[in-house]
Every structure is written in C-alpha cells, then in structure tokens.
Amino acid sequence: MPNQAQLAAAQQKICTQYGSAFAPLRPDDTVAIALDSIGLQPIAGRREVKLSHDPNEITWFIYCGEYLDDDDFFSPVHVSHLAEMLPEVLPYLALSEGFGFIIDHDGYEDVWCFIAD
C-alpha cells in the first residue's frame, strides 16, 4: 500500500496524463461503491458533477463488473476504507468532476472526460 506522498504522486500523474485538474479527496470524504460487486472485473468509476454546495455530496460512483440499475446498488463508504476494499481505484480518485475510468487486473486502463469544457 503506498504512503500518502506516493499516492498523491500517482494521482497527479494520472490527472496530468488525462488532462484533468488535480482534485483529491480527503480520507473522510464519502464515495458510493457497489459493495456486492467487489471482486468482479472490470472496475469502473465515474465522478459526477456536484449538484449542490453540500460538502458531503457524493460525486464518485464505483462498481465492478456490470452496472445494475438497482436502488440499492451503491453504498456509501469513506475514502479511508478503500485501501483495504478496493486499493486499485485510489490513483484515479483525484480526477476532477466529469471524469470516468475503467481498469482491470490485466492492465487495461481507459480514462475519459464525459462533459464538455
């Protein structure tokens, strides 16, 4: 598991590579994770644009395998727990709002911006 400096460097590298502003989360921020999907492939994440000024609004939605449109598909999780649950997503979580990613255990990586500048 990388230390905070190593993680920040990895996050900055990904943001620079894909043209994103560096927008890291705090350990006590909350993301939405499809807990029942952990262990499936690929891993996908999407950072939605904030709809309010609420600092606790969840913007990251992460799932593994296929997306399901179920009301209870996602559960709130603090970022601090991701190092144990899904550490491979941590380098991507500084991508700014409007970015998404797909990765897998075979080294596949796709990162994109889904909103216009």
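For what it's worth, full-length UniProt numbering labels the leading residue of the sequence shown as 1, then goes sequentially. For each residue, glycine too, the CB sits at the ideal point set by N, CA and C.
Beta carbon of Ala94 nearer than 8 Å to that of Gln11
Looking up residue 94 in the sequence shown gives position 94. Looking up residue 11 in the sequence shown gives position 11. Yes. Within cutoff.
Asp69 to Lys50 span [Cα, whole Å]
Within the sequence shown, residue 69 is the residue found at index 69, counting from 1. Within the sequence shown, residue 50 is the residue found at index 50, counting from 1. Whole-angstrom Cα-Cα distance: 20 Å.
Just to check my reading of the structure: Val89 and Gly45 have Cβ atoms closer than 8 Å, yes? What is that Cβ distance to the nearest angstrom?
Locating residue 89 in the sequence shown gives position 89, where the first residue counts as 1. Locating residue 45 in the sequence shown gives position 45, where the first residue counts as 1. Right, their Cβ atoms sit about 6 Å apart.
Can the beta-carbon of Arg26 be found less than 8 Å from the beta-carbon of Glu97?
As a working mapping, residue 26 is identified with position 26 in the sequence shown. As a working mapping, residue 97 is identified with position 97 in the sequence shown. Contact: no.
Measuring only the C-alpha atoms, how far is Asp28 from Ile115?
Locating residue 28 in the sequence shown gives position 28, where the first residue counts as 1. Locating residue 115 in the sequence shown gives position 115, where the first residue counts as 1. Cα-Cα distance, rounded: 27 Å.
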